[in-house]
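All remarks here apply to the structure that follows.
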Amino acid sequence: MNQRTFQAAFHAVGWVAALLVLVALSLPARAASADPGRTAQTIAHMLDYVGVDYPEFVRDGKVLDAAEYQEQSEFSVQVIEQLRKLPDNPAKAGLLRQAETLNARIAARAPGDEVSRLAGELRQGVIAAYRIAVAPKRAPDLRGAARLYAAQCAACHGAEGKGDGVQAGGMEPAPADFHDAARMRQRSVYGLFSTISLGVSGTAMGGFDQLSEAERWALAFYVSSLGTPAEVAQQGAARFAAGGSDLPFANLKTLVMTTENEVRARDGDAAAAVFAWLRQNPVEAKATAEPPLAFAGRHVDESLAAYRSGDVALAQRLAVTGYLEGFELVEASLDASDRALRQEIETQMTAYRNLLRAGAPVADAEKQAALLHALLARAGDTLDAGGLSPFAALLGAFFILVREGLEALLVVAAVVAFLVKAERREALRYVHVGWIGALGLGVLTWFVASYVIAISGAGREVTEGITALAASAILLYVGFWLHDKSHADRWKAFVGRHLTHALSRGTLWALAGVSFLAVYREAFETVLFYQALWQQAEGARSSVLAGAGLGAATLAVLGWMIFRFGLRLPIGPFFAASSALLALLAVMFAGHGVAALQEAGWLPLDPVNFIEVPLLGIYANVQALSLQGGLIAVILVGFAWGHARRGLALASGDALR
1 MNQRTFQAAF HAVGWVAALL VLVALSLPAR AASADPGRTA QTIAHMLDYV GVDYPEFVRD
61 GKVLDAAEYQ EQSEFSVQVI EQLRKLPDNP AKAGLLRQAE TLNARIAARA PGDEVSRLAG
121 ELRQGVIAAY RIAVAPKRAP DLRGAARLYA AQCAACHGAE GKGDGVQAGG MEPAPADFHD
181 AARMRQRSVY GLFSTISLGV SGTAMGGFDQ LSEAERWALA FYVSSLGTPA EVAQQGAARF
241 AAGGSDLPFA NLKTLVMTTE NEVRARDGDA AAAVFAWLRQ NPVEAKATAE PPLAFAGRHV
301 DESLAAYRSG DVALAQRLAV TGYLEGFELV EASLDASDRA LRQEIETQMT AYRNLLRAGA
361 PVADAEKQAA LLHALLARAG DTLDAGGLSP FAALLGAFFI LVREGLEALL VVAAVVAFLV
421 KAERREALRY VHVGWIGALG LGVLTWFVAS YVIAISGAGR EVTEGITALA ASAILLYVGF
481 WLHDKSHADR WKAFVGRHLT HALSRGTLWA LAGVSFLAVY REAFETVLFY QALWQQAEGA
541 RSSVLAGAGL GAATLAVLGW MIFRFGLRLP IGPFFAASSA LLALLAVMFA GHGVAALQEA
601 GWLPLDPVNF IEVPLLGIYA NVQALSLQGG LIAVILVGFA WGHARRGLAL ASGDALR
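Going by UniProt numbering, the first residue of the sequence shown is number 1, and it counts up by one from there.
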């Protein structure tokens with residue numbers, strides 16, 4: 001390949017890689033902004049009412065209030081009718097079957113807990129299938145909510161929310177009493193938001209479309225906490241300050257979707273007090289990310305609900321999201337405590353995704369999901385046993401940096417040693433521009449992901465996969481280029497006559513591109529892993545810093561050793577060793593690229609019985625091994641062809657032309 005051809009190819013690869021990275025980063029933002037439609041939200045709203053009201057008016061097969069029972073029956077019929085109006089969706093047929101089952105059980109006056117469960121499962125299925133936004137974009141500020149309530153709600157619901165407003169007389173049904181503890185414990189903030197947004201058919205409660213979405217969320221939080229006793233809120237505040245932020249509902253999305261009854265049954269009265277206080281102070285949940293293992297478990301449930309409904313594609317996406325944005329963030333921490341458990345969870349999560357992809361029976365998927373929940377619970381117990389110890393935090397921080405940085409270091413150190421060996425130190429600035437720019441862009445990407453747009457775990461893996469494959473291609477070229485020079489016995493003559501051309505601007509930017517791609521593919525992920533580790537190591541953060549420092553020092557020593565060793569080698573062996581190293585790294589990067597795209601759900605994953613060494617880019621599946629096998633064949637053929645070509649050139653006395 002001549003220099004001009006390479007330059008054109010390199011720029012083309014660069015533009016394509018940049019475009020694909022931008023597309024990968026934008027995918028989650030587009031997915032997050034998708035609007036499932038008002039009809040789907042109305043269905044979820046009606047199901048919320050059925051789940052709350054039915055148990056109150058039907059007990060032991062007896063109807064306690066005929067009018068209310070009739071309303072629940074009508075709601076269940078309307079759910080079926082509205083579902084039929086929704087756009088076609090792989091889950092639609094399954095959702096309709098669930099809706100018909102719910103309607104039949106209501107007609108049979110089934111027990112209240114059964115109907116509530118069926119309504120809840122169907123509501124979750126609709127939310128997942130039609131991607132209904134179920135949480136505010138940011139935590140609402142409740143300082144203006146009291147004024148908003150007084151202006152919009154007090155006339156009917158009363159100044160204190162007891163359903164005794166000046167216009168309440170004669171209303172049928174009467175306005176809701178927000179101090180009715182039994183009823184409010186069954187309502188979620190999302191359910192209240194839906195009521196405020198859509199109204200209640202057949203009542204005086206109309207929808208408040210004139211209010212902004214933020215104002216409706218503020219009102220929903222405000223009325224949800226009107227009946228909270230002051231002493232309960234005080235207990236909740238104290239418990240939150242003492243470590244309640246690690247409770248599973250202490251994040252915005254879970255906070256709005258959970259009811260007090262669910263919290264009390266699962267976590268106890270003390271946790272319910274924290275829940276009540278957070279409803280009064282939702283801004284405190286803003287900075288409290290959902291614990292990674294809770295996130296992973298919730299997405300397993302949502303994935304299973306989508307699979308039950310028949311939407312296999314959505315079920316797979318949710319399963320991938322649960323792994324990438326949940327479990328993967330605690331892998332390093334769990335590795336330091338129980339490596340075997342970490343490997344088992346990874347294996348079983350892959351097995352679950354393969355069951356979904358193969359269209360396995362729902363019962364098999366349910367069994368695998370139950371196994372995952374048990375394993376995630378074990379992982380939680382392992383990590384929660386006194387929190388991360390200082391030693392475990394140090395090891396986690398150390399191995400994150402060394403693991404993520406080693407490959408990038410090998411590339412950059414080899415390129416720097418080559419330029420120094422070639423007596424082209426002035427060209428080092430291109431390499432420094434590459435790796436420093438990659439570090440800067442990694443931090444910028446983290447900032448953008450945290451504060452500007454939502455970059456999901458899938459987007460992160462797609463970005464890593466694309467950059468890894470692009471780096472593999474460029475490494476392969478540079479490796480061939482170096483191998484071509486490894487038998488130049490008259491190197492000094494080559495330097496004098498040809499190096500200016502051989503290291504033209506195109507090749508220099510190729511070296512900069514190699515260092516950029518090698519470093520960038522690791523930088524952003526490293527920041528995210530450290531962010532998760534920092535949250536888990538509240539009592540051992542100095543150890544995290546020490547581990548990071550030790551890891552950086554280790555990388556610096558390794559880089560210096562590679563550099564010094566390279567300079568001591570004669571020209572021929574140095575070029576041969578460098579070309580072999582870069583070719584090996586190209587194969588490793590290819591494996592990492594395929595694995596990242598598999599984790600993001602872009603490529604299938606078919607396991608095979610083979611050794612697996614992720615550190616070396618070896619993954620035991622057909623797709624990764626096939627690509628790497630093909631690359632090895634290309635490398636062997638390329639090196640053999642280069643060797644034969646040089647032999648012919650030497651025989652003709654024209655080896656350095």
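For every residue, glycine included, the Cβ atom is placed at its ideal position computed from N, Cα and C.
With a cut-off of 8 Å on Cβ pairs, the stretch 233-241 is not in contact with the stretch 150-166, counting fewer than three such pairs.
Under the DSSP definition of a beta bridge, I618 partners with V613.
Judged by their CB atoms, G442 and V527 are nearer to each other than the 8 Å cut-off.
Here the alpha carbons of R357 and Q316 stand approximately 7 Å from one another. Here DSSP, grouped into helix, strand and coil, assigns G549 to helix.
Here L64 is exposed: its Cβ has fewer than 16 other Cβ atoms, across all protein chains shown, within 10 Å. The C-beta of S626 has fewer than 16 other C-beta atoms within 10 Å across all chains shown, which makes the residue exposed.
Shown here for I562: same chain residues with a beta carbon closer than 6 Å to its own, the five before and five after excluded, namely A413 in chain order. By the neighbour-count criterion, in which 16 or more other beta carbons inside 10 Å mark a residue as buried, P614 falls on the exposed side. Between S543 and L394 the beta-carbon gap is near 4 Å, inside 8 Å, which marks them as a contact. Two segments are said to touch when three or more pairs of C-beta atoms, one from each, lie closer than 8 Å; by this definition the stretch 89-96 touches the stretch 118-132. Per DSSP, the beta bridge partners of G206 are G199.
Taking one beta carbon from each stretch, the stretch 295-309 and the stretch 347-365 have 3 or more pairs nearer than 8 Å; the two touch. Distance from A590 to Q628 at the Cβ level is roughly 6 Å; contact confirmed, criterion being Cβ atoms closer than 8 Å. Of L636, V330 and N261, the smallest CA-CA separation from W534 is found for V330. Contact between L47 and V79 is confirmed by a C-beta separation of about 6 Å, below the 8 Å threshold. DSSP places G125 inside the alpha helix (DSSP H), whose first and last residues are G112 to A129. If you draw a 10 Å sphere on the C-beta of D335, you find 16 or more other C-beta atoms in it, and that means buried. Look at the beta carbons and you see the stretch 172-192 touching the stretch 257-273: at least three pairs across the two are nearer than 8 Å.
For V134, the closest alpha carbon among the candidates V166, S197, L102 and G169 is that of S197. Of the other Cβ atoms in all chains shown, fewer than 16 fall within 10 Å of the Cβ of E172; this residue is therefore exposed.
For A40, the uninterrupted alpha helix (DSSP H) run begins and ends at R38 to F57, by DSSP.
In the three-state reduction of the DSSP assignment, K62 falls in the strand class, which pools E and B.
Below 8 Å, too few C-beta pairs join the stretch 139-157 and the stretch 54-71 to call them touching: fewer than three.
Relative to the Cα of L616, the nearest Cα in the group F391, A408 and G638 belongs to A408. Per DSSP, F295 is one residue of the alpha helix (DSSP H) stretching across P292 to R308. Separation of the CB atoms of L293 and F249 is rounded to 14 Å, and the pair is thereby denied contact status at 8 Å. For W277, the enclosing alpha helix (DSSP H) has its first and last residue at D269 to Q280. Secondary structure note for R109: it is in no alpha helix (DSSP H), with a DSSP letter that is neither H nor E. Burial is judged here by how many other beta carbons sit within 10 angstroms of a residue's own beta carbon; A237 has at least 16 and is buried. The beta-bridge partner set that DSSP reports for P607 consists of N621. Boundaries of the alpha helix (DSSP H) around A351: R339 to A358. For E213 and F418, the gap between their C-alpha atoms comes out near 59 Å. Contact check for N251 and A220: beta-carbon distance about 17 Å, past the 8 Å limit, so the pair fails to qualify. Classified as exposed, Q70 has fewer than 16 neighbouring CB atoms from the shown chains inside 10 Å of its CB.
The three-state secondary structure of P390, taken from DSSP, is helix.
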